[in-house]
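Report on one structure; see the data block that follows.
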Amino acid sequence: MSRSRFLKIFILLLILGSALILLFLLRPTDKGKKVNVIKDNTVIETLDLNEPLQKDYTFGSDVNTVVIKDGTVEVLSANCHNQICVNSEPISEVGETIACLPHGFLLEVVE
Ligand SMILES: [Zn+2]
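Numbers given in the working numbering equal positions in the sequence shown, counted from 1, plus 123.
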């Protein structure tokens, strides 16, 4: 391979690489603005992630306490048997979910 050809390929790769890095840096943030509260596959309420809130969702004897703060949402407490929802980290990005399978209860961050 000639030296100039090698140089051309090298420069091309450099430009491609920079473009990819730029794309990565400039990618739109996918922080969600709202959270869907879903019970048995039905959206029962859509909450604003920018409005701090604490709310109990009670269905029969099933209780999930949801907290919104600092643009994130989490399940503060629940009386389900496995406590997976309570132990889930707060979520804030579009598409993230917290599920309470025993209660058929789901939080999903949306745009
Ligand atoms: Zn649960």
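Ideal placement from N, C-alpha and C gives every residue a C-beta, glycine not left out.
With distance defined between alpha-carbon atoms, name the residue in V232, K178, V233 and A222 nearest to D163.
Here residue 163 refers to the residue found at position 40 when the sequence shown is read from its first residue. It is A222 whose Cα lies nearest to the Cα of D163.
Evaluate the contact criterion for the segment 170-185 versus the segment 212-229: three or more CB pairs, one atom per stretch, below 8 Å.
yes
Whole angstroms are fine: how far does the CA of G194 sit from the CA of S215?
As a first step, residue 215 is located in the sequence shown; it is residue number 92 there, counting from the start. As a first step, residue 194 is located in the sequence shown; it is residue number 71 there, counting from the start. So the two alpha carbons sit approximately 6 Å from each other.
Looking at the structure shown, is K131 part of a helix, part of a strand, or coil, going by DSSP?
Your numbering for residue 131 matches position 8 in the sequence shown. The answer is helix: DSSP assigns K131 an H, G or I state.
Beta carbon of D171 nearer than 8 Å to that of K154
Indexing the sequence shown from 1 puts residue 171 at position 48. Indexing the sequence shown from 1 puts residue 154 at position 31. Not in contact: D171 and K154 (Cβ atoms no closer than 8 Å).
Quick one: what's I161 bridged to in DSSP?
As a working note, residue 161 is residue 38 in the sequence shown. Paired residues: V166 and L229.
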